[in-house]
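The opening position of the sequence shown corresponds to residue 1 in UniProt numbering, with each subsequent residue numbered one higher.
Ideal Cβ positions, reconstructed from N, Cα and C, are used throughout, including at glycine.
This report concerns only the one structure given below.
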Amino acid sequence: MEIAGLVLAAGAGRRFGMPKALVPWRGRPLVVRAAATSRAAGLARTVVVVGAAAGRVRAAAPDLDYVENPAWQTGMASSLRAGLAALAGTPAAAVVVLLADMPGVTPAAVRRVTALASPTALVTGGYAGRRGHPVLLGRDHWEGVAGSATGDRGARDYLRTHAGEVRVVPVGDVADDLDLDVPGDMRALDLPGDVPEAVTGHA
């Protein structure tokens, strides 16, 4: 069964002062780290959705597989729809959604949620009883997610509506889903070193 990775990296990062996809961490942009996390977890292919500063992101990491979201200013939901549409023509039975501005989500966390993957699955990471990233969406749910996603809420409304179907896998011991909103947030990160230092191309 093929599982894809979907990295959402289209935001302008206004509060941060620059597109967060391009924020450097240990010598490489966060978008590269997110793609490397997907690959290190063994996902079959990784699609990166870009919008703000799309040309700069492509130039910084030219070997990634990109989809451009021309409506990125409307929020994360449009990027999620663009990514799911791009994957609709692939054999992927499920997709793991990763956010470029959550570098604490690790390959180990992704592997835990993919262990429950199926076309009908809805799986999230769990942090001391709280649902968080990574999020796995089985293919049977893609149309519903795309149709219900609005603004910056992504798949949250769909997951709430289908709460009885969502499986939560504890990942707090191997990951941190801190969202980097401002530069000071980076000081709170204590990232494990299990992500490869480079990533090229896609499977």
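Around the C-beta of residue i, are 16 or more other C-beta atoms found within 10 angstroms, so that it is buried, or is it exposed?
| i | result |
| --- | --- |
| Trp91 | In the sequence as displayed, the identity of residue 91 is Pro instead of Trp. Flag for Pro91 reads exposed. |
| Gly83 | buried |
| Ala71 | exposed |
| Arg14 | exposed |
| Ala115 | exposed |
| Ala54 | buried |
| Ala128 | exposed |
By Cβ distance, which residues of its chain are closer than 6 Å to residue i, with the 5 residues on each side in sequence left out?
| i | result |
| --- | --- |
| His133 | Met102, Val105, Gly125 and Asp177 |
| Val23 | Leu30 |
| His202 | Its pLDDT being 38, under 50, His202 is placed unreliably in this model, and the value from its coordinates should be taken loosely. For His202, where only same-chain residues beyond five positions count, the Cβ hits under 6 Å are Arg45, Thr46 and Asp65. |
Check whether the Cβ atoms of residue i and residue j lie closer than 9 Å to each other.
| i | j | result |
| --- | --- | --- |
| Val171 | Ala108 | yes |
| Gly11 | Ala4 | no |
| Arg139 | Ala94 | yes |
| Arg167 | Val123 | yes |
| Leu43 | Val145 | no |
| Arg112 | Val169 | yes |
Compare the C-alpha of residue i against each of the options and name the closest.
| i | options | result |
| --- | --- | --- |
| Arg131 | Gly151, Ala155, Arg111 and Ser148 | Ala155 |
| Pro19 | Ala60, Ala115, Leu6 and Glu2 | Ala60 |
| Glu165 | Gly89, Leu137 and Gly27 | Leu137 |
- Could you say if the segment 119–127 and the segment 36–55 meet the contact criterion of at least three C-beta pairs nearer than 8 Å? No, the segment 119–127 is not in contact with the segment 36–55.
Given 8 Å as the limit, is there contact between the segment 32–39 and the segment 69–80, that is, 3 or more CB pairs closer than that?
Pairwise C-beta distances place the segment 32–39 out of contact with the segment 69–80, as fewer than three of them are shorter than 8 Å.
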